[in-house]
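One structure is given below, encoded as structure tokens.
Number of protein chains: 2
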Amino acid sequence: MKGTQLGEFEELILLLTGVLYPDAYGVSIARELENQTGRKAAIGAIHSALVRLEEKGFLKSELQSGSGKRGGRPKKIFSITAAGKTAIAKSKELRNSLWDQIPELALKGLNYSYVIR
Amino acid sequence: MKGTQLGEFEELILLLTGVLYPDAYGVSIARELENQTGRKAAIGAIHSALVRLEEKGFLKSELQSGSGKRGGRPKKIFSITAAGKTAIAKSKELRNSLWDQIPELALKGLNYSYVIR
DNA sequence: ACTATTTATTCTACATTTACGAAAAAACCA
DNA sequence: TGGTTTTTTCGTAAATGTAGAATAAATAGT
């Protein structure tokens, strides 16, 4: 599908935006991504996903005015929209549903364990 | 990430392969995808995902010899490998974990309902 | 007010994944 | 053998994912 579909990375960013609420922005998301998944992405990668997510209507943003803290450009704070919430909820349900439909046999004995005998 | 990362579509195909066990192949997967998700993908899209999944080691395949049925090229039957099982299990855990970490407030009042007053 | 420093976003370029439809291949049947 | 059926393979286009350098905005010190 195209245009409205949620990519794998995009979904992660969308989820992380929720987790970080109400302080989700490029840099904090990048940090949290690494903390939670060990996966480190360039800041540019995060931002391009954020832009696409906003274009698709799954996220909205607002500039945070003078924070009274250290220097630096104003943060662009992101939060999930109703459409975004629906998207991740559906994605989650679909995947969990499919997972539950997999017959025992299909995964039987599939593991990385070794048996010494 | 590259090479070993599981794309959104790929994950769906991997799951569907499990659901269809032991009769998962290009055409049956395409059919099941539409049944389960309403999403219809071209057969070519399915196959390219299948090829990638096999290259990544998440799926294995074997040609089904003379089926004694109608004509047609032999089906290439796919099944999940141990690595594939691990991949979808981890993906599922990560997403569910993140979902559970989203504070109530972040999704509060976000829905498509309309209230007549 | 000016400059250096800090923090974050934007921009540019490229790699990988997803999507499609046409063409090719293999098996069966008359 | 020729035609039909079923499914895979191939070539190309579009969307998504990745990266890092360049740019911008705010603060603090002088």
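Protein chains in written order, with our numbering: chain A, 53 to 169; chain B, 53 to 169. Built from N, CA and C at the ideal position, the CB exists for glycine as well. Fair warning: this is a prediction, and the values are worked out from it, not measured in the lab.
For residue 130 of chain B, the three-state DSSP class (helix, strand or coil): strand
Residue nearest to residue 127 of chain B in terms of C-alpha spacing, selected from B:159, B:74 and B:62: B:74
Inter-residue spacing [alpha-carbon to alpha-carbon] between residue 93 of chain A and residue 108 of chain B: Going by the C-alpha atoms only, they are around 21 Å apart.
Residues bridged to residue 114 of chain A (per DSSP): A:129
Beta-carbon separation (whole angstroms), residue 77 of chain B vs residue 129 of chain B, contact threshold 8 Å: 5 Å
Segment contact, 8 Å Cβ cut-off, at least three pairs: the stretch 131–150 of chain B with the stretch 80–99 of chain B: no
Enclosing alpha helix (DSSP H) for residue 163 of chain A [first to last residue]: Counting along the chain, residue 163 of chain A falls outside any alpha helix (DSSP H), and DSSP gives it neither H nor E.
Rounded C-alpha distance that separates residue 123 of chain A from residue 56 of chain B: The straight-line gap from Cα to Cα measures roughly 39 Å.
Chain-ordered neighbours of residue 111 of chain A on chain B, where CB pairs are closer than 7 Å: The contacting residues do not exist; residue 111 of chain A stays about 11 Å from chain B at best.
Close beta carbons around residue 72 of chain A, own chain, < 8 Å, minus the five adjacent residues each side: 80, 81 and 84
Host alpha helix (DSSP H) of residue 97 of chain B (start-end): 95–107
Between the CA atoms of residue 140 of chain B and residue 63 of chain B - distance to the nearest angstrom: 7 Å
Range of the contiguous alpha helix (DSSP H) that encloses residue 65 of chain A: 60–71
Within 7 Å, strictly: CB atoms of residue 162 of chain B and residue 137 of chain A: Closer than 7 Å, so yes.
Length of the line joining the Cα atoms of residue 103 of chain A and residue 65 of chain A: 11 Å
Straight-line Cα distance separating residue 117 of chain A from residue 158 of chain A: 54 Å
Test item: CB-CB of residue 70 of chain A and residue 154 of chain B under 7 Å: yes
Own chain residues within Cβ distance below 7 Å of residue 114 of chain A, not counting five before or after: 129
Residues that residue 174 of chain A contacts on chain B, provided the C-beta gap is smaller than 9 Å: Lying before the first or after the last residue shown, residue 174 of chain A is absent from chain A, which here runs from 53 to 169.
Chain-ordered chain B contacts of residue 70 of chain A [CB-CB under 9 Å]: 150, 151, 153, 154, 155, 158 and 159
C-alpha distance - residue 169 of chain A paired with residue 134 of chain B, whole-angstrom precision: The predicted model places residue 169 of chain A with a pLDDT of 42, which falls under 50 and marks its position as unreliable; any figure quoted below should be read in that light. Those two C-alpha atoms are separated by around 21 Å.
Any chain A beta carbon closer than 7 Å to residue 128 of chain B: no
Residues in the stretch 85–98 of chain B having any Cβ partner in chain A nearer than 8 Å: 88, 89, 91 and 93
Alpha-carbon to alpha-carbon, residue 58 of chain B and residue 110 of chain B: 9 Å
Rounded C-alpha distance that separates residue 106 of chain B from residue 100 of chain B: 10 Å
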